[in-house]
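Straight run, no breaks: the sequence shown in the working numbering ends on number 1425.
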Amino acid sequence: MAFDRSIKIAPSILSADFANFGQEIRAIEDQGADWVHVDVMDGHFVPNLTFGPPAVKAFRPHVKTFMDVHLMIAPVDPYIEAYADAGADMLTAHVEAGPHIHRTLQAIRGAGMQAGVALNPGTSAEAVRDVLDLADMVLIMTVNPGFGGQKFIDMTAKIRAVREMIGDREIHIQIDGGVDPKTAPLVAEAGADVLVAGSAVFRGGSVEQPEVYGANMQAIRDAIAAR
Ligand code: DX5
Ligand code: ZN
């Protein structure tokens, strides 16, 4: 996929119907999702548990766009091959998940995936400065990871700092947590290009009423364009 800095919406299937992932993925893509964001949680790095490699592998044939897998697990390295085998296009690891993020990013690329590096709200932008050349994306969390539907934490200063560090390198800036039509313009203006949204996309819709997903995504795009 050629690099571009246009705004991309990545619905988080954490807010989808867990009994119906295939149809949910098709519904959001039909309605204009740019990427599909898959939240992997281990009940250890974060206080919640979702799914692992076999589930992600089962999602793969349904994803026609780009499968963006956000690991909220520690350790990461023993599972990298399993997520490559599951078909992740982007694999994102947190700097807080272990002492060797540099090695982790090398291993992710070495396994043939794009590599993302994530920062919790309490972690400074400086934590990614020395690994930017190993990263295809920096994920700046705007909630403490673990759950959908939490309140947005303003990280615009961090987004600007990372955007400046990146310069003209081809590295995406992704925002995750509390993104909705109110907060999306703030993060887009600060320099983010990939917006993850769970509750703000799935709210009010279903696979029977997928047009609600489309309208929810359009509301985010409109709010950004109106700024
Ligand atoms: C939070 C996850 C997010 C979450 C976002 O730990 O990483 O991807 O699903 O959900 P909303 O958009 O509802 O804040
Ligand atoms: Zn996420």
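Glycine included, each C-beta is placed from N, C-alpha and C at the ideal position. Values in this document were obtained by computation on a predicted structure and should not be read as measured data.
Smallest Cα separation from residue i: which of the options?
i, options, result
"Ala1208", "Asp1352, Asp1378, His1242 and Lys1356", "Asp1378"
"Leu1269", "Val1261, Ile1373 and Tyr1281", "Tyr1281"
"Ala1423", "Ala1200, Met1199 and Ser1204", "Ser1204"
"Gly1346", "His1370, Pro1273 and Asp1374", "Asp1374"
"Pro1259", "Gly1241, Ile1357, Asp1275 and Asp1287", "Asp1287"
Against chain C, does residue i count as a neighbour if the rule is that its beta carbon must be under 8 angstroms from one of theirs?
i, result
"Gly1402", "Among the chains in the structure shown there is no chain C, since it carries only a single protein chain."
Count the other CB atoms within 10 Å of the CB of residue i; is the residue buried (16 or more) or exposed (fewer)?
i, result
"Gly1402", "exposed"
"Phe1243", "buried"
"Pro1343", "buried"
"Ser1322", "exposed"
"Arg1361", "buried"
"Leu1247", "exposed"
"Gln1407", "exposed"
Check residue i in the structure and name its three-state DSSP category.
i, result
"His1242", "coil"
"Val1329", "coil"
"Met1199", "coil"
"Ser1404", "coil"
"Ile1369", "coil"
"Asp1275", "helix"
"Ser1322", "coil"
"Lys1356", "helix"
"Gln1312", "strand"
The ligand DX5 heavy atoms versus the CB of residue i: any closer than 7 angstroms?
i, result
"His1235", "yes"
"Ser1397", "yes"
"Met1270", "yes"
"Leu1212", "yes"
"Gly1402", "no"
How many angstroms separate the CA atom of residue i from the CA atom of residue j?
i, j, result
"Asp1331", "Lys1206", "22 angstroms"
"Ala1217", "Ile1271", "23 angstroms"
"Arg1425", "Gly1389", "14 angstroms"
"Gln1221", "His1292", "29 angstroms"
"Asp1366", "Asp1202", "11 angstroms"
"Glu1409", "Ser1397", "15 angstroms"
"Lys1356", "Thr1381", "15 angstroms"
"Asn1414", "Val1238", "24 angstroms"
Q) Which residues count as close to the ligand ATP when the rule is a CB under 5 angstroms from any of its heavy atoms, in chain order? A) Here the bound small molecules are the ligand DX5 and the ligand ZN; the ligand ATP is not part of this structure.
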